[in-house]
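Asks:
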Ligand code: G3I
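Residue numbers (the working numbering): 6 to 513.
#1: Looking only at DSSP bridge pairs, what is residue 299 linked to?
#2: State yes or no: is the C-beta of residue 213 within less than 8 Å of the C-beta of residue 242?
#3: Since residue 89 is in the beta strand (DSSP E), which residue starts that stretch and which ends it?
#4: Spatial neighbours of residue 357 within its chain, please: C-beta separation below 6 Å, excluding the five flanking residues on both sides.
#5: Using the C-alpha atoms, what's the distance from residue 384 back to residue 373?
#6: Ends of the alpha helix (DSSP H) at residue 199?
#7: Report the rounded CA-to-CA distance for residue 97 versus residue 138, giving the unit in angstroms.
#8: Please say whether residue 301 and residue 354 have beta carbons closer to each other than 8 Å?
#9: Let me know the secondary structure DSSP gives residue 516 once reduced to three states.
#10: Can you give me the C-alpha to C-alpha distance between residue 184 and residue 161, rounded to a whole angstrom?
#11: Assuming residue 90 contacts residue 118 under a Cβ cut-off of 8 Å, what Cβ separation, rounded to an integer in Å, is found between them?
#12: Are three or more beta carbon pairs between the region 411–426 and the region 490–507 nearer than 8 Å?
#13: So within the region 418–453, which uninterrupted beta strand (DSSP E) runs reach at least 3 residues, ignoring any that extend past its ends?
#14: So, is residue 169 buried or exposed, given that buried needs 16 or more other C-beta atoms within 10 angstroms?
#15: Looking only at its own chain, which residues have a Cβ that is under 7 Å from the Cβ of residue 352, when we skip the five neighbours before and after it?
#16: Anyone know if the C-beta pair for residue 462 and residue 381 falls short of 8 Å?
#17: Quick one: Cα of residue 516 to Cα of residue 237, how far?
#18: Indicate whether residue 292 and residue 400 have their beta-carbon atoms separated by less than 8 Å.
#19: Look at residue 431 and residue 447 and say whether their C-beta atoms are less than 8 Å apart.
#20: Does the region 218–235 come close enough to the region 247–265 to have 3 or more Cβ pairs within less than 8 Å?
#21: For residue 172, which of helix, strand or coil comes out of DSSP?
#22: Quick one: what does DSSP say residue 231 is sitting in, helix, strand or coil?
#23: So if DSSP puts residue 158 in a beta bridge, which residue, or which two residues, is it bridged to?
#24: Assuming contact is defined by CB atoms lying nearer than 8 Å, are residue 251 and residue 331 in contact in what I supplied?
#25: Let me confirm a value: residue 259 is counted as buried when at least 16 other C-beta atoms fall within 10 Å, else exposed. Which label applies?
#26: Between residue 499 and the ligand ADP, is the CB less than 7 Å from at least one heavy atom?
#27: I'd like to confirm something about residue 324: is its beta-carbon nearer than 7 Å to some heavy atom of the ligand G3I, or not?
#28: Take the Cβ of residue 509 as the centre, count every other Cβ of all protein chains shown within 10 Å, and call the residue buried at 16 or more, exposed below.
#29: Give the DSSP bridge partners of residue 100, in chain order.
#30: Residues in its own chain within less than 8 Å of residue 156 by CB, not counting five upstream and five downstream?
#31: Answer with buried or exposed for residue 482, where buried requires no fewer than 16 other C-beta atoms within 10 angstroms of its C-beta.
#32: Pull up the CB-CB distance for residue 101 and residue 159, whole angstroms please, since I reckon it's below 8 Å.
#33: How would you call residue 496, buried or exposed, if buried means at least 16 neighbouring beta carbons within 10 angstroms?
#34: Restricting to Cα atoms, I'd like to know which of 278, 280, 287 and 296 is closest to residue 257.
#35: Considering just the uninterrupted stretch of the beta strand (DSSP E) at residue 342, what are its terminal residues?
#36: CA-CA distance, residue 478 and residue 417?
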């Protein structure tokens, strides 16, 4: 594809940015100033940082003139939410219909936008005839589908989500007609077919809940590593990023992006939205803004993160209320197409103001709440104190208490027993670091669902407790973070992070 674009001007008259049209070249500014004026569109601000900022869209929405105007001006990339999926493009075997997808690529062409094709192979929105095929015919049907669609969109689609959502939450492969017929080899076969049909398109695997570290993102990492080792054409990994304020932010997003980048892959945030329980209130809205901002900051911090796509940009056309009754308000713009605080947060982050800069100034105070270092529970008491001169958003703060699991079960239960903030605002879980070190093969990670710490303020005491699920004993005496003091003191062995960056202490 050789699409050289002049980005649409923002409502306040942003700077024109000339941008090469492929996602590979999305990071290459061919002209325009080196730094964006703050009044640029989201995409112009992103492009000045070498990224794109895009939105999902769908055919019925394009007849909404106000919606289409913002879609065409504010965003430099679009993804069809439905119109390139299998049930639309090949509803009956061998009967292809690219009418709806063509409307999307035409819109993109008219507005100088790039297109992410979504999606060639997915277990959902798959017409019944595919599932009804005998397994001996599935590979040919899949290859034919990919070949016809990717050939049709050659030059118009810069990147394809070749395989969408291949994993279950525990990191095992999801069952689908493709997996049932070919095992996990269907993924390499699909990528090879897509590459043969469109050698210029960037080819992605795309999934949700792989933004942070965990079983599912580990599985994607293992798969990507294996495919690369085997020489299979794979260019990137898409992290959908359907986030929710009630579930905490995936703090390890940067670290996770970086490990995929280290494989030589691009990463893209492909379907960003941040839903909440309705009604939206000030606290949820503030948390949402902070999540959007942190996603932008993560992408800006990782060179191989090529861009971000909102799914869709406005609450007016969000998929959330249909799928999660009682939840919504997930987009950057409200139902009246007015920008929300999250939009301002994204702009600020893209403008480079305070993004990727110094982490918030905090410290951790700790005391042992445990009289025995050899029983079946660990009971740290923690306090987080703001030592800086500006407020720290608690939803960005995490604390790690490092310990060893010793013998017995390797699964854990965790509790917050008391906190003046209310334990409902305190999140806690046990996780294992990528590589264990002396005294630290696990950590208790503590976070906050919201709230803010004013300069000098403390969270007050948070009483935490953890055990192994088989209630076997610990030997805490050699644990990295363990101390025997029963009054609070500054403890660098208990580390703290703001927006994923180490802000206090020394990691083991
Ligand atoms: O087109 C029919 C319409 O004729 C009918 O009247 C109406 C009645 O329900 O349904 C319409 O189809 C809907 C379709 O969107 C188009 O609007 C489907 O019911 C609805 O299920 C479908 O939802 C889509 C969803 O994928 C299906 O899984 C969403 O719009 C789309 O945003 C969503 O996107 C997925 C990504 O592809 C993959 N990642 C998750 C993401 C969110 O679920």
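We treat Cβ as the ideally placed atom computed from N, Cα and C, and that holds for glycine. Only a predicted model underlies this, so the values are computations on that prediction, with no experimental measurement involved.
Replies: For this structure:
#1: In DSSP, residue 299 forms no bridge with anything.
#2: no
#3: Element bounds for residue 89: n/a, residue is neither H nor E.
#4: Only weak support is given to the placement of residue 357: the predicted model assigns it a pLDDT of 46, under 50, and the value that follows is read from those uncertain coordinates. Taken in chain order, the list of residues that qualify is empty.
#5: Roughly 6 Å between the two C-alpha positions.
#6: 190–202
#7: 12 Å
#8: yes
#9: The requested residue 516 is not part of the displayed model; the chain covers only 6 to 513.
#10: Taking the Cα positions, residue 184 is about 29 Å away from residue 161.
#11: With 8 Å as the limit, residue 90 and residue 118 do not qualify as a contact, their Cβ atoms being about 20 Å apart.
#12: no
#13: 431–436 and 447–453
#14: Buried is the call here.
#15: 47 and 50
#16: Not a contact, by the Cβ cut-off of 8 Å.
#17: Because the chain spans 6 through 513 in this model, residue 516 falls outside it and cannot be assessed.
#18: For residue 292 and residue 400, yes; Cβs fall inside 8 Å.
#19: No, the Cβ-Cβ distance between residue 431 and residue 447 is not below 8 Å.
#20: yes
#21: strand
#22: helix
#23: Answer is none; residue 158 lacks a bridge partner.
#24: No, these two residues do not count as a Cβ contact at 8 Å.
#25: buried
#26: Within the structure as shown, the ligand ADP is missing, the only ligands being the ligand G3I.
#27: yes
#28: buried
#29: Beta bridge pairing from DSSP links residue 100 with 97.
#30: For residue 156, the CB contacts under 8 Å within the same chain, skipping 5 residues up- and downstream, are 202 and 203 in chain order.
#31: Label assigned to residue 482: exposed.
#32: Incorrect: roughly 14 Å between the Cβ atoms, too far for contact.
#33: buried
#34: 296
#35: Here residue 342 belongs to no beta strand (DSSP E), and DSSP marks it neither H nor E.
#36: 12 Å
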